[in-house]
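Enquirer:
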Amino acid sequence: MASSGLTKFVCALFLCMVLAAPYTEATITCGTVSSSLSSCLSYLTGKGPSTSACCSGISHLNSIATTTTDRQAACNCLKSLASGITGLNYNNAASLPGQCGVNIPYKISPTTNCAQVQ
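In the numbering used here, the protein residues as written are 72 to 189.
1. Please state whether the Cβ-Cβ distance between I99 and I135 is less than 8 Å.
2. For Q143, which residues in the same chain have their Cβ closer than 6 Å to its Cβ, ignoring the five residues on either side in sequence?
3. Kindly give me the distance between the Cβ atoms of C171 and S130, rounded to whole angstroms, as I take these residues to be in contact under 8 Å.
4. Thinking C-beta only, is G158 closer than 8 Å to T116?
5. Let me confirm a value: L112 is counted as buried when at least 16 other C-beta atoms fall within 10 Å, else exposed. Which label applies?
6. Assuming contact is defined by CB atoms lying nearer than 8 Å, are L152 and S121 in contact in what I supplied?
7. List in chain order: all unbroken alpha helix (DSSP H) runs of 4+ residues lying wholly within the stretch 93-147.
8. Between which two residues does the alpha helix (DSSP H) holding A164 run?
9. Give the DSSP-derived three-state secondary structure of Q20 in the structure shown.
If you want it as structure tokens, here you go:
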């Protein structure tokens, strides 16, 4: 009988976690995204190559964006930051993760629908 009570408790706990998951807030801020990618600015504007510091920033950002909410927040921040960069080369932005050997689940583009990012 004690096992049955424990099973019900675990099931209830799991159900609460599943139901609460869509309502979690992102832990990634636009400030984090901006500081992680600040060393990429010359590459993103076509004024220089991608650097190891830039790739480290992308890698770090990718490693802390562990949830769907975080990845969507990072995506929205990238789109917002991109609109403020004069001379941004969107081809360079889209190719940057691949240049750094980082796989992100969406294309860096002004047309990316961040709500669909998993």
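Where a beta carbon is used, it is the ideal one built from N, C-alpha and C, also for glycine.
Expert: Well, looking at it:
1. Here residue 99 is taken as the residue at index 28 of the sequence shown, counted from 1. Here residue 135 is taken as the residue at index 64 of the sequence shown, counted from 1. A contact, by the Cβ cut-off of 8 Å.
2. Here residue 143 is taken as the residue at index 72 of the sequence shown, counted from 1. Result list for Q143: C185 and V188, in chain order.
3. Working through the sequence shown from its first residue, we reach residue 171 at position 100. Working through the sequence shown from its first residue, we reach residue 130 at position 59. At roughly 7 Å, the Cβ-Cβ gap stays under 8 Å, so C171 and S130 are in contact.
4. Position 45 of the sequence shown, counted from the first residue, corresponds to residue 116. Position 87 of the sequence shown, counted from the first residue, corresponds to residue 158. The answer is yes: Cβ separation under 8 Å.
5. Here residue 112 refers to the residue found at position 41 when the sequence shown is read from its first residue. Classification of L112: exposed, given that the 10 Å Cβ count is below 16.
6. Locating residue 152 in the sequence shown gives position 81, counting from the first residue. Locating residue 121 in the sequence shown gives position 50, counting from the first residue. Cβ atoms of L152 and S121: not closer than 8 Å.
7. 101-108, 112-115 and 123-135
8. Residue 164 sits at position 93 when you count from the first residue of the sequence shown. First-last of the alpha helix (DSSP H) with A164: Y161 to Q170.
9. A query on residue 20 cannot be resolved here, the shown segment of the chain reaching from 72 to 189 and no further.
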